[in-house]
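Here's the structure, in structure tokens; my notes come after.
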Amino acid sequence: MNDMAKNLILWMIIAGVLLTVFNNINQETREDRLIYSDFLEEVRLGRVEEVQLAGINITGVRRDQTAFRSVMPLIGDDALIDELLEYGVKVDAVEPEQQSIWTQLLVASFPILIIIALFFFFMRQMQGGGVGGKGGPMSFGKSKAKLLGEDQIKVTFADVAGVDEAKEDVQELV
Numbered sequence: 047m048n049d050m051a052k053n054l055i056l057w058m059i060i061a062g063v064l065l066t067v068f069n070n071i072n073q074e075t076r077e078d079r080l081i082y083s084d085f086l087e088e089v090r091l092g093r094v095e096e097v098q099l100a101g102i103n104i105t106g107v108r109r110d111q112t113a114f115r116s117v118m119p120l121i122g123d124d125a126l127i128d129e130l131l132e133y134g135v136k137v138d139a140v141e142p143e144q145q146s147i148w149t150q151l152l153v154a155s156f157p158i159l160i161i162i163a164l165f166f167f168f169m170r171q172m173q174g175g176g177v178g179g180k181g182g183p184m185s186f187g188k189s190k191a192k193l194l195g196e197d198q199i200k201v202t203f204a205d206v207a208g209v210d211e212a213k214e215d216v217q218e219l220v
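Under this note's numbering, read the sequence shown as residues 47 to 220, first letter to last.
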């Protein structure tokens with residue numbers, strides 16, 4: 047396996063690990079998603095034991111200990127807390143969870159970094175990447191001449207001594 051394939055596999059593994067980490071960080075807990083009207087119906091039927099209000103987000107636990115989540119309409123429901131207390135639901139309010147600035151910056155810059163890495167990867171590949179000395183569209187101006195050792199030279203002056211064509215070729219060069 048050549049170096050380019052090893053580098054590609056390494057980058058793919060790194061990208062896979064990073065995607066898995068980001069997915070696990072941002073993954074919400076597995077809760078039932080209720081639309082707001084269904085949430086109110088569950089409260090009125092006495093199936094809800096407790097709720098947590100975080101801004102417009104509502105998370106809670108039913109009496110059968112299954113978790114759920116819902117979102118309050120942006121208009122707001124001023125009577126919601128009174129209704130929850132009327133049906134014996136424990137109410138807790140928490141501040142909405144904010145991601146740190148570093149997490150937001152990392153998540154926002156990750157796609158840009160991937161695009162830059164792909165750009166450099168393809169540019170290296172177009173230029174030959176220094177692997178095997180292969181040329182490419184960006185390899186103009188590079189000499190393809192090879193330096194041969196004395197043991198690699200197979201044609202000598204004695205072999206071409208009587209050939210007039212060889213003399214003419216040498217005269218053209220000189």
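We put the CB at the ideal spot given by N, CA and C, even for glycine.
#1: Answer yes if the segment 77-92 comes into contact with the segment 56-67, meaning at least three C-beta pairs across the two stretches below 8 Å, and no otherwise.
#2: Taking contact to mean at least 3 C-beta pairs separated by less than 8 Å, is the segment 98-106 in contact with the segment 130-146?
#3: Does Gly254 pass the burial test, meaning 16 or more other C-beta atoms within 10 Å, or should it be called exposed?
#4: Do you know offhand how far Thr202's Cα is from Met50's?
#5: For Lys200, which of helix, strand or coil comes out of DSSP?
#6: Indicate the three-state DSSP secondary structure (helix, strand or coil) for Gly134 in the structure shown.
#7: Put Ser155 into one of helix, strand or coil per three-state DSSP.
#8: Give me the Cβ distance between Arg115 and Ile102, rounded to the nearest whole Å; I'm assuming they're in contact under 8 Å.
#9: Between Arg109 and the rest of its own chain, which residues show a CB-CB distance below 8 Å, the 5 nearest in sequence each way excluded?
#10: In the structure shown, what three-state DSSP assignment does Val117 receive?
The structure says:
#1: no
#2: yes
#3: This structure does not reach residue 254, given that the chain is present from 47 up to 220, and the question cannot be answered.
#4: 40 Å
#5: coil
#6: coil
#7: helix
#8: Wrong, their Cβ atoms sit about 11 Å apart, outside the cutoff.
#9: Gly92, Arg93, Val94 and Glu95
#10: strand
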